[in-house]
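A short worksheet on the structure shown next.
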Amino acid sequence: MSVDLQTVRRAARLARIYEPESRLESLARELNAILGWIDLLEEVDVEGVEAMTSAVELTLPLRDDVISDGGQAKAIVANAPQSADGFFVVPKVVE
Amino acid sequence: MTELTELTLSAARDGLVAKAFSSVELTAAFNDAIEAVNPILNAYVTTTPQKAMEMAEASDARRRCGAVGPLEGLPLGIKDLYCTQGVRTTACSRILGEFTPTYESTVTANLWRDGAVLLGKLNMDEFAMGSSNETSRFGPVINPWKRQESGNVALTPGGSSGGSAAAVAADLCLAATASDTGGSIRQPAAFTGTVGLKPTYGRASRYGMIAFASSMDQAGPIAKTVEDSAILLGSMCGHDPRDSTSLSLEVPDFAAAVKRGVKGLKIGVPKEYRVDGMPDEIEKLWHQGMTWLQDLGATIVDVSLPHTKYALPCYYIVAPAEASSNLARYDGMRFGTRAAGDTLTEVYEQSRAQGFGNEVKRRILIGTYVLSAGYYDAYYLRAQRVRTKIADDFKQAWQVCDALLTPTAPFAAFGIGEKSADPIQMYLNDVFTVTANLAGLPAISLPASLDAHGLPLGLQVIGRALDEETILAVGGALEAQAGFNAKPKKWW
Chain B
1 MSVDLQTVRR AARLARIYEP ESRLESLARE LNAILGWIDL LEEVDVEGVE AMTSAVELTL
61 PLRDDVISDG GQAKAIVANA PQSADGFFVV PKVVE
Chain F
1 MTELTELTLS AARDGLVAKA FSSVELTAAF NDAIEAVNPI LNAYVTTTPQ KAMEMAEASD
61 ARRRCGAVGP LEGLPLGIKD LYCTQGVRTT ACSRILGEFT PTYESTVTAN LWRDGAVLLG
121 KLNMDEFAMG SSNETSRFGP VINPWKRQES GNVALTPGGS SGGSAAAVAA DLCLAATASD
181 TGGSIRQPAA FTGTVGLKPT YGRASRYGMI AFASSMDQAG PIAKTVEDSA ILLGSMCGHD
241 PRDSTSLSLE VPDFAAAVKR GVKGLKIGVP KEYRVDGMPD EIEKLWHQGM TWLQDLGATI
301 VDVSLPHTKY ALPCYYIVAP AEASSNLARY DGMRFGTRAA GDTLTEVYEQ SRAQGFGNEV
361 KRRILIGTYV LSAGYYDAYY LRAQRVRTKI ADDFKQAWQV CDALLTPTAP FAAFGIGEKS
421 ADPIQMYLND VFTVTANLAG LPAISLPASL DAHGLPLGLQ VIGRALDEET ILAVGGALEA
481 QAGFNAKPKK WW
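As given, the protein sequences belong to chains B and F, one line each in that order. Here the first sequence stands for residues 1 to 95, numbered as in full-length UniProt numbering. Here the second sequence stands for residues 1 to 492, numbered as in full-length UniProt numbering.
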């Protein structure tokens with residue numbers, strides 16, 4: 001499989017990373033080199049093999065459905081680029 | 001007497017117990033060394049000399065009261081992806097700006113609980129994506145080791161834990177925390193003549209560690225000796241309810257395992273770990289390692305891990321896929337840097353374009369692509385199935401052996417800029433280390449000899465899940481046999 005400029009443009013858009021048109025061609029070349037190498041996996045017979053989802057067998061633990069933390073608005077917004085009264089200030093979301 | 005900074009972790013601990021020196025004296029010696037040497041090696045990206053002295057004073061006070069922890073008064077360096085309360089933490093990415101955590105990672109909290117002293121935060125590849133420390137926003141780390149015939153060529157210390165490895169090798173801390181997703185502890189350890197250990201996935205909590213690829217990220221130490229790595233590992237590990245993949249198990253006495261010996265152990269040698277173009281010296285060292293273990297009563301058995309060649313391609317689907325999801329949080333809204341833009345989407349796109357470096361962007365794009373509609377089955381699902389086969393290879397091997405012996409890396413430390421033009425060449429650094437991450441297994445790298453250029457080479461021991469003790473026993477035996485005591489020449 002090889003990626004074209006439109007595919008790179010789409011991936012960049014999905015990833016919310018601005019890539020200028022002038023970079024798309026070199027990016028496509030880099031991604032194709034890597035994906036070409038990854039294509040080696042096509043020769044592995046994976047018929048009937050379960051996908052590995054965890055490196056160690058364990059059942060995810062459950063905890064009681066109770067509040068265990070909170071009241072930390074000040075700490076949470078401490079690193080915000082912009083905040084006011086314990087809220088994040090963000091660009092307008094709805095026009 | 002040896003200079004205080006040249007001591008091993010265990011020797012420094014003994015010295016503190018014997019009151020030969022105080023933590024304040026030891027810490028001051030490191031602060032002085034860092035001030036003098038760090039501008040040249042660039043191992044630390046943030047130093048905390050004042051905080052270090054305060055912690056050392058508090059430690060000396062505790063000792064006077066008889067309250068002594070396992071790491072009491074011992075100064076350590078911390079990789080810049082562990083959140084440290086009140087101390088800037090950036091994963092060496094521009095996108096985190098001056099991020100200063102309001103909470104402490106579990107691993108570092110465990111170290112402070114046990115009495116350790118923080119010297120500062122260590123340089124690394126951006127978000128731990130790299131094998132040469134060249135992708136750091138703060139610039140590369142310089143390896144304290146140089147080729148003996150070309151002393152003016154700056155070499156990389158490997159990566160991503162390049163700062164941790166260089167700081168330990170140059171005596172800028174007694175030992176350091178590091179992290180390993182594809183080889184980021186073991187490869188830099190091999191490049192700098194230090195010991196690096198990645199425990200079983202789940203041994204150490206990931207809470208407060210900046211995430212790269214969550215199904216493989218694991219904390220571990222870089223230290224001067226196998227015993228030191230065991231001591232530090234013992235403090236780093238332990239169950240943590242705040243990480244749902246943290247294993248609810250007792251932490252064994254890792255340090256006790258180091259001198260256990262290898263008599264009667266079966267050591268597997270995987271034939272697939274012979275790769276084209278690997279220097280003869282590495283092949284020879286590998287054979288030497290087998291002989292050393294045989295001399296101590298271990299048996300060498302040939303094993304096959306037939307899916308080894310698929311490990312790196314598999315990793316370069318799984319890791320970028322997880323990274324693209326983990327790094328979605330960096331949007332310029334809640335922390336880090338925010339770029340200007342006319343719409344919300346533009347703010348996101350510009351913040352991320354300006355905040356991430358090229359290697360990180362490349363991996364996010366690959367991850368986004370392999371997870372996108374229409375490609376998920378062909379790439380991601382297939383890779384996760386291949387991962388099962390890689391893990392099964394190891395399960396087969398454990399039928400006939402107790403641990404595996406391999407080289408750590410296919411070459412010694414290389415020059416800055418030498419491999420950065422071709423991503424795939426850079427990725428090949430991890431050819432022998434990445435399998436243990438995919439399968440979640442513990443593995444240690446220790447220095448075993450010098451090559452013809454006078455650069456250190458490492459051997460790796462991989463063990464069964466949760467069997468860090470056997471790899472420490474094998475590592476301890478190899479260390480004793482190798483008698484590696486070379487240090488980089490102090491050219492700085």
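The beta-carbon is built from N, C-alpha and C at its ideal position, and this holds for glycine as well.
Requested in this report: May I ask which residues mark the beginning and end of the beta strand (DSSP E) holding ALA176/F?
Outcome: Residue numbering aside, residue 176/F sits at position 176 when the second sequence is read from its first letter. It spans 175–180 - the beta strand (DSSP E) in which ALA176/F sits, taken as one unbroken run.
Query raised in the report: Taking the alpha-carbon positions, what's the PHE212/F to GLY115/F distance?
Result: On the second sequence, residue 212/F is found 212 positions in, with the first residue counted as 1. On the second sequence, residue 115/F is found 115 positions in, with the first residue counted as 1. In this model, PHE212/F and GLY115/F are separated by some 29 Å (Cα to Cα).
Report task. Grab the span of the beta strand (DSSP E) containing ALA448/F for me, first residue to last. Result -> Position 448 of the second sequence, counting from 1, holds the residue named residue 448/F. Looking at the DSSP string, the run of the beta strand (DSSP E) that includes ALA448/F is 443–450.
Query - chain F contacts made by the segment 18–31 of chain B, where a contact means CB separation under 8 Å - result: Residues TYR18, GLU19, LEU27, GLU30, LEU31.
**Report entry** Own chain residues within Cβ distance below 6 Å of ASP180/F, not counting five before or after
**Finding:** The residue you call residue 180/F lines up with position 180 of the second sequence. Non-local beta-carbon contacts of ASP180/F in its own chain, meaning distances under 6 Å to residues more than five positions away in sequence, involve LYS198, GLN218, GLY220 in chain order.
**Report entry** Option in LEU455/F, LYS489/F, ASN485/F, LYS487/F with minimal Cα separation from ARG147/F
**Finding:** Taking the first residue of the second sequence as 1, we reach residue 147/F at position 147. Per the Cα distances, LEU455/F.
Report task. Take ASP392/F as the anchor and find which of ALA452/F, LEU296/F, THR308/F, ALA255/F has the nearest alpha-carbon. Result -> To locate residue 392/F, count along the second sequence from 1; it is residue 392. Ranked by Cα distance from ASP392/F, the first of ALA452/F, LEU296/F, THR308/F, ALA255/F is THR308/F.
**Report entry** Own chain residues within Cβ distance below 7 Å of TYR330/F, not counting five before or after
**Finding:** Taking the first residue of the second sequence as position 1, residue 330/F is located at position 330. Closer than 7 Å at the Cβ level, and outside the excluded window around TYR330/F, lie ILE95, GLY336, ARG352, GLY355.
Query - Residue range of the unbroken beta strand (DSSP E) whose run includes ASP302/F - result: If you number the second sequence from 1, residue 302/F lands on position 302. ASP302/F -> beta strand (DSSP E) spans 299–303.
Requested in this report: Enumerate in chain order the residues of its own chain whose CB-to-CB distance from GLN399/F is below 8 Å, with the five nearest sequence positions on each side excluded.
Outcome: In the second sequence, residue 399/F corresponds to position 399, counting from 1. Within the same chain, no residue comes within 8 Å of GLN399/F by CB-CB distance, once the 5 residues on both sides are set aside.
Query raised in the report: Using Cβ-Cβ distances below 8 Å, what residues of the segment 228–244 of chain F are close to chain B?
Result: So the close ones are PRO241, SER244.
Query - Simplified DSSP assignment, three categories, for LEU74/F - result: The count along the second sequence starts at 1 and reaches residue 74/F at position 74. In the three-state scheme derived from DSSP, where H, G and I count as helix and E and B as strand, LEU74/F is classed as coil.
Query raised in the report: With PHE484/F and ALA448/F assumed to form a contact (beta carbons below 8 Å), what rounded beta-carbon distance in angstroms separates them?
Result: On the second sequence, residue 484/F is found 484 positions in, with the first residue counted as 1. On the second sequence, residue 448/F is found 448 positions in, with the first residue counted as 1. About 6 Å separates the beta carbon of PHE484/F from that of ALA448/F, a gap short enough to meet the 8 Å contact definition.
Requested in this report: Could you confirm whether any beta carbon from chain F is found closer than 8 Å to the beta carbon of ALA78/B?
Outcome: Residue mapping note: residue 78/B aligns to position 78 of the first sequence, counting from 1. Yes, ALA78/B counts as interfacial toward chain F.
Report task. Would you please verify whether the beta carbon of SER54/B is less than 8 Å from any beta carbon of chain F? Result -> Sequence index remark: in the first sequence, residue 54/B carries index 54 (1-based). At least one beta carbon of chain F lies nearer than 8 Å to the beta carbon of SER54/B.
Report task. Identify the contact partners of CYS314/F in chain B, using a Cβ-Cβ distance below 7 Å as the criterion. Result -> Here residue 314/F corresponds to residue number 314 of the second sequence, with the count starting at 1. Neighbours of CYS314/F on chain B, chain order: LEU41.
Query - Residue burial classification, PRO20/B (beta-carbon count within 10 angstroms, cutoff 16) - result: Working through the first sequence from its first residue, we reach residue 20/B at position 20. Exposed is the call here.
Query raised in the report: What does PHE138/F pair with, by DSSP beta-bridge criteria?
Result: Against the second sequence, residue 138/F aligns to sequence position 138. Looking at the DSSP assignment, PHE138/F forms no beta bridge with any residue, so it has no partner.
Query raised in the report: Can a CB atom of chain B be found closer than 8 Å to the CB of TYR310/F?
Result: One-based indexing of the second sequence puts residue 310/F at position 310. Answer yes: the Cβ-Cβ gap between TYR310/F and chain B drops below 8 Å somewhere.
Query raised in the report: Is the shortest distance between the beta-carbon of LEU7/F and the beta-carbons of chain B less than 8 Å?
Result: Sequence index remark: in the second sequence, residue 7/F carries index 7 (1-based). Answer no: the Cβ-Cβ gap between LEU7/F and chain B never drops below 8 Å.
Requested in this report: Indicate whether at least one CB of chain F lies closer than 8 Å to the CB of VAL93/B.
Outcome: By one-based count along the first sequence, residue 93/B stands at place 93. Yes, because at least one Cβ of chain F sits closer than 8 Å to the Cβ of VAL93/B.
Requested in this report: Could you check the C-alpha separation between VAL251/F and ILE364/F for me, to the nearest Å?
Outcome: Residue 251/F sits at position 251 when you count from the first residue of the second sequence. Residue 364/F sits at position 364 when you count from the first residue of the second sequence. Per the coordinates, the alpha-carbon of VAL251/F lies some 35 Å from the alpha-carbon of ILE364/F.
Query raised in the report: Since LEU5/B meets chain F, which of its residues come closer than 7 Å, beta carbon to beta carbon?
Result: Here residue 5/B is taken as the residue at index 5 of the first sequence, counted from 1. Within chain F, no C-beta atom comes nearer than 7 Å to that of LEU5/B; the closest sits roughly 13 Å away.
Requested in this report: Report yes or no: is there a C-beta of chain F within less than 8 Å of the C-beta of VAL49/B?
Outcome: Your numbering for residue 49/B matches position 49 in the first sequence. With 8 Å as the cut-off, VAL49/B counts as an interface residue toward chain F.
Report task. Would you list, in sequence order, the uninterrupted beta strand (DSSP E) runs of no fewer than 3 residues that lie entirely inside the segment 168–243 of chain F? Result -> Segments of the beta strand (DSSP E) lying fully in the segment 168–243 of chain F: 175–180, 195–198, 218–223.
Query raised in the report: Would the beta-carbon of ALA189/F fall within 8 Å of that of LEU41/F?
Result: Residue mapping note: residue 189/F aligns to position 189 of the second sequence, counting from 1. Residue mapping note: residue 41/F aligns to position 41 of the second sequence, counting from 1. Against a cut-off of 8 Å, the Cβ pair of LEU41/F and ALA189/F comes out as no contact.
Report task. For TYR376/F, count neighbouring C-beta atoms within 10 Å of its own C-beta (all shown protein chains included) and say buried if the count is 16 or more, exposed if not. Result -> For the purposes of this step, residue 376/F is taken as the residue at position 376 of the second sequence. Residue environment analysis places TYR376/F among the exposed positions, since fewer than 16 neighbouring C-beta atoms fall within 10 angstroms of its C-beta.
Query raised in the report: Between the C-alpha atoms of MET1/F and ASP171/F, what's the straight-line distance to the nearest angstrom?
Result: What you label residue 1/F is simply residue 1 of the second sequence in a count that begins at 1. What you label residue 171/F is simply residue 171 of the second sequence in a count that begins at 1. A caution first: MET1/F carries a pLDDT of 48, below 50, which makes its placement in the model unreliable, though a value can still be read off. Taking the straight line from one Cα to the other gives about 16 Å.
Query - Interface flag, VAL66/B vs chain A, CB-CB below 8 Å - result: Checking the listed chains, one finds no chain A in this structure; the protein chains it contains are B and F.
Query raised in the report: Among all the DSSP beta bridges, which residues are the ones paired with PRO456/F?
Result: Here the question's residue 456/F lines up with position 456 in the second sequence. Bridge partners of PRO456/F: LEU450/F.
Query raised in the report: So, are the CB atoms of THR102/F and TYR82/F less than 8 Å apart?
Result: By 1-based counting over the second sequence, the position of residue 102/F is 102. By 1-based counting over the second sequence, the position of residue 82/F is 82. Taking the C-beta atoms as reference points, TYR82/F is found no nearer than 8 Å to THR102/F.
Query raised in the report: Within 10 angstroms of its Cβ, does ASN437/F collect 16 or more other Cβ (buried), or is it exposed?
Result: Within the second sequence, numbered from 1, the residue matching residue 437/F stands at position 437. By the neighbour-count rule (16 or more Cβ atoms within 10 Å), ASN437/F is buried.
Requested in this report: Measure how close the beta-carbons of GLU281/F and ASP60/F come, nearest whole angstrom, since I'm counting them as under 8 Å.
Outcome: Locating residue 281/F in the second sequence gives position 281, where the first residue counts as 1. Locating residue 60/F in the second sequence gives position 60, where the first residue counts as 1. Approximately 46 Å separates the beta-carbon atoms of GLU281/F and ASP60/F; this is outside 8 Å, ruling out the contact.
**Report entry** Environment of ILE142/F [buried if 16+ CB atoms lie within 10 Å]
**Finding:** Position 142 of the second sequence holds residue 142/F. Its Cβ being crowded by 16 or more others within 10 Å, ILE142/F is buried.
Query raised in the report: According to DSSP, which residues form a beta bridge with TYR44/F?
Result: In the second sequence, residue 44/F corresponds to position 44, counting from 1. For TYR44/F, which the question treats as bridged, DSSP gives the partners LEU122/F.
Report task. Check whether the Cβ atoms of ILE366/F and PRO320/F sit closer than 8 Å, and answer yes or no. Result -> Counted from its first residue, the second sequence places residue 366/F at position 366. Counted from its first residue, the second sequence places residue 320/F at position 320. Against a cut-off of 8 Å, the Cβ pair of PRO320/F and ILE366/F comes out as a contact.
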